[in-house]
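Structure first, commentary second.
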Amino acid sequence: MRIWIAVVALALLVGASVVAQDKPAMDIAIYPGGEATMEIDLSQDDLLPTLQAMLPMIKMGGPEGSINTDDIAAALKDVKRIEFLQLDIAKNPTDAQVADFYSKNLPAGQWNRVFWQKSPQGTMALYVQGAGEKLYGFRVSQETSDSKPFKRVMILKTDGKIDYAKLLGIAAKVFMK
Numbered sequence: 010m011r012i013w014i015a016v017v018a019l020a021l022l023v024g025a026s027v028v029a030q031d032k033p034a035m036d037i038a039i040y041p042g043g044e045a046t047m048e049i050d051l052s053q054d055d056l057l058p059t060l061q062a063m064l065p066m067i068k069m070g071g072p073e074g075s076i077n078t079d080d081i082a083a084a085l086k087d088v089k090r091i092e093f094l095q096l097d098i099a100k101n102p103t104d105a106q107v108a109d110f111y112s113k114n115l116p117a118g119q120w121n122r123v124f125w126q127k128s129p130q131g132t133m134a135l136y137v138q139g140a141g142e143k144l145y146g147f148r149v150s151q152e153t154s155d156s157k158p159f160k161r162v163m164i165l166k167t168d169g170k171i172d173y174a175k176l177l178g179i180a181a182k183v184f185m186k
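With our numbering as the guide, the letters of the sequence shown map in order to residues 10 to 186.
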């Protein structure tokens, strides 16, 4: 429940910042017949203020302050933009069809696939550009609503380097208690 509250709060904060700024359109393809159910588009100016506003709502900072916003700022200091898109596809194509679409419709530039997994839970792929300056990944899963099956696709694209060692350190503080 806390996650959904945080997502709604994030959407409201992002919506306000998107209206206030001129940003280029998201560079993520939409599967034919797919319906966007969530979009997050954060620029470097939006990212840290949004995370700082969200932490108290999802209680990850906790009373003991396990997440320090300075740590997050250090891990994400070189990130210029984060884009996230969640789609639902009612016509229920196969995982392979959706994964093939997203593998063939990568954002502009030279991408290298560094991870791919197919499991009963769905299909995932992760691509990087350069020495990790950009990251692009997607996950396709089978979902059901009102006894009707559909595909859910989550796509993430980042522009700018993430300090993964610092990010893992933050995650360890939160989840290893």
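A virtual CB, placed ideally from N, CA and C, is assigned to each residue, including glycine.
query	result
Rounded C-alpha distance that separates R90 from P129	32 Å
Straight-line gap, K166 to Y145 (C-alpha atoms, nearest Å)	4 Å
Opening and closing residue of the beta strand (DSSP E) in which G131 lies	131-138
Sequence-distant residues of the same chain with beta carbon closer than 7 Å to L115, five excluded per side	Y136, Y145
Closer than 8 Å to chain B by CB, D109	No chain B is part of this structure, which consists of one protein chain only.
C-alpha distance - L176 paired with A84, whole-angstrom precision	6 Å
Residue from M35, P58, D87 with nearest C-alpha to T78	P58
Beta-carbon contacts of G42 that lie in its chain and below 8 Å, excluding the five residues immediately before and after	I98, A99, K100
Alpha-carbon to alpha-carbon, K182 and I37	32 Å
Local Cβ density within 10 Å of T46, reported as buried at 16 or more and exposed below that	exposed
A174 versus S156 - alpha carbon distance	42 Å
DSSP three-state assignment for S52, whether helix, strand or coil	strand
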